[in-house]
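Here the sequence shown is numbered in my numbering, starting from 903 and rising by one per residue.
Step one of this worksheet: look at the structure below.
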Amino acid sequence: MRIVVLAGGIGGARFLRGLKAAAPDADITVIGNTGDDIHLFGLKVCPDLDTVMYTLGGGIHEGQGWGRADETFTVKEELAAYGVGPDWFGLGDRDFATHIIRTQMITAGYPLSAVTEALCARWQPGVRLIPMTDDRVETHVVIDAPEDGGRKAVHFQEYWVRLHASVPAHAVLPVGAEQSKPAPGVLEAIGEADVVLFPPSNPVVSIGTILAVPGMREAIADAGVPVVGLSPIVGNAPVRGMADKVLAAVGVESTAAAVAKHYGSGLLDGWLVDTVDAATVGEVEEAGINCRAVPLMMTDIEAAARMAREALALAKEVSS
Ligand code: FO1
903 MRIVVLAGGI GGARFLRGLK AAAPDADITV IGNTGDDIHL FGLKVCPDLD
953 TVMYTLGGGI HEGQGWGRAD ETFTVKEELA AYGVGPDWFG LGDRDFATHI
1003 IRTQMITAGY PLSAVTEALC ARWQPGVRLI PMTDDRVETH VVIDAPEDGG
1053 RKAVHFQEYW VRLHASVPAH AVLPVGAEQS KPAPGVLEAI GEADVVLFPP
1103 SNPVVSIGTI LAVPGMREAI ADAGVPVVGL SPIVGNAPVR GMADKVLAAV
1153 GVESTAAAVA KHYGSGLLDG WLVDTVDAAT VGEVEEAGIN CRAVPLMMTD
1203 IEAAARMARE ALALAKEVSS
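Here it is, written out as structure tokens:
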């Protein structure tokens, strides 16, 4: 079975670990979000691609869901000693090697998709990881600028990591998306897929950003295969992260049903909500999306595998 998964960072990566356990013989292609990318110290950092690669490759810092296990921060400390910022983004020594090689290859003229393939040769994630585009897309968030009574756009990572999403987001802008095109292999993978899955990733800054690449949404909607998503919102609150902040920016309520309707029945054939949101199944079905209530807390790999099995079962149901 050929499965295509649109993945962001931590939630997407943890779901993928369950999907691999649930469908060990499946051919899985992951279309990774690159809107979180940030350029620091002359290096290109791709947080969501790296979280998928490290998580599935066994190098992830499990508790954080980002960065490497057994990490040290000597380079970071030395940069701070020189007074060179930013100091709020925790780049570790092992992680720096990934960004040095990525930047070296891009400078040599390799597209991000080729770089990602080269980095994955070491990590063997057991899926094909393709960035959503080889073009530069960086999500920015519009916040209040109290200093001049106006507003300003900050990089997503500054909003998310330095500001802890503690101030209202007035808009989320995937800068560069309009000029971007799907990376090589992305549209082909969607066209050959038996099923497309939206894991419990951030519906705005992760899956939303991937869908903002021209042609992506249409390719998925027109692929004629079941598209099934899993709600990242459980009991009207995001399971992790601060998805509610960016959902508000795009005028979407933080409920499992609202997220499903945000994606729309033109895109989604099926939607899984957690058992605590079982009362919203009817509302989702009225929107033209088949819906089931199942446990959606990814407490461990087996829990994620159960979720993946439920998503594949719903995909089978909606295609019959
Ligand atoms: N997230 C944090 O909350 N704090 C950090 O210091 C941090 C550093 C970091 C370094 C490399 C990397 O690949 C990811 C990192 N993240 C950090 C996570 C990053 O903000 C992700 O983009 C988000 O968690 C959303 O996926």
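From the three backbone atoms N, C-alpha and C, an ideal C-beta is built for every residue, glycine too.
Note that the structure is a prediction, hence the values are computed from the model and not measured.
Residue i, DSSP secondary structure in three states
| i | result |
| --- | --- |
| Val1106 | coil |
| Ile1112 | helix |
| Pro949 | helix |
| Lys922 | helix |
| Gly934 | strand |
| Gly1131 | strand |
| Val1136 | strand |
| Arg1142 | coil |
| Phe998 | helix |
| Lys1054 | strand |
| Trp990 | coil |
| Phe917 | helix |
| Val1029 | coil |
Buried or exposed by the 16-neighbour rule on C-beta atoms within 10 Å, applied to residue i
| i | result |
| --- | --- |
| Tyr1061 | buried |
| Gly969 | buried |
| Tyr984 | exposed |
| Val1154 | buried |
| Pro1116 | exposed |
| Lys978 | buried |
| Ser1015 | buried |
| Val1029 | buried |
| Lys1054 | exposed |
| Pro1134 | buried |
| Gln1059 | buried |
| Asp1050 | exposed |
| Glu1231 | Only positions 903 to 1222 of the chain appear in the structure, and residue 1231 is not among them; the question remains open. |
| Glu1204 | exposed |
Cβ-based neighbour list, residue i, same chain, cut-off 7 Å, excluding 5 preceding and 5 following
| i | result |
| --- | --- |
| Ile1109 | Leu908, Gly910, Phe1100, Ser1103 |
| Val954 | Ala909, Gly914, Ala915, Leu918, Val932, Gly934, Pro1027, Leu1031 |
| Ile1092 | Val906, Val1098, Ala1121, Ile1122, Ala1125 |
| Ala1047 | Arg1053, Lys1054 |
| Gly1166 | none |
Close Cβ partners of residue i (< 6 Å) along its chain, the five nearest in sequence each way excluded
| i | result |
| --- | --- |
| Ala905 | Checking the sequence shown, residue 905 turns out to be Ile, not Ala. Around Ile905: Ala928, Ile930, Val1097. |
| Val1196 | Leu1174, Glu1212 |
| Cys1193 | Trp1173, Val1183, Val1186, Glu1187 |
| Ala1210 | Gly920, Leu921, Ala924 |
| Tyr956 | Ile962 |
Through-space distance from residue j to residue i, alpha-carbon basis
| i | j | result |
| --- | --- | --- |
| Thr1157 | Glu973 | 36 Å |
| Gly944 | Gln1006 | 10 Å |
| Gly1190 | Val1183 | 11 Å |
| Asp1202 | Glu1094 | 30 Å |
| Ala1207 | Ala924 | 5 Å |
| Asp997 | Val1077 | 25 Å |
| Arg1038 | Asp938 | 11 Å |
| Ala982 | Cys948 | 22 Å |
| His941 | Ala1181 | 44 Å |
| Thr1035 | Gly1011 | 15 Å |
| Leu1132 | Leu1169 | 13 Å |
| Ile1045 | Ser1222 | 46 Å |
| Lys1083 | Ile1112 | 11 Å |
Beta-carbon gap between residue i and residue j smaller than 8 Å
| i | j | result |
| --- | --- | --- |
| Leu1021 | Ile1008 | no |
| Ala1067 | Met1144 | yes |
| Leu951 | Thr936 | yes |
| Val1088 | Val1148 | no |
| Val1063 | Phe975 | no |
| Ala1085 | Pro1033 | yes |
| His1042 | Leu993 | no |
| Ala1079 | Ala1114 | yes |
| Val1220 | Pro1105 | no |
| Ala971 | Gly987 | no |
Residues of its chain near residue i, where Cβ-Cβ distance is below 8 Å and the 5 sequence neighbours each way are ignored
| i | result |
| --- | --- |
| Ala1150 | Pro1070, Ala1071, Ser1156 |
| Val1178 | Val1136, Gly1137 |
Any non-hydrogen atom of the ligand COA within 7 Å of residue i CB
| i | result |
| --- | --- |
| Val906 | The ligand COA is not part of this structure, which contains only the ligand FO1. |
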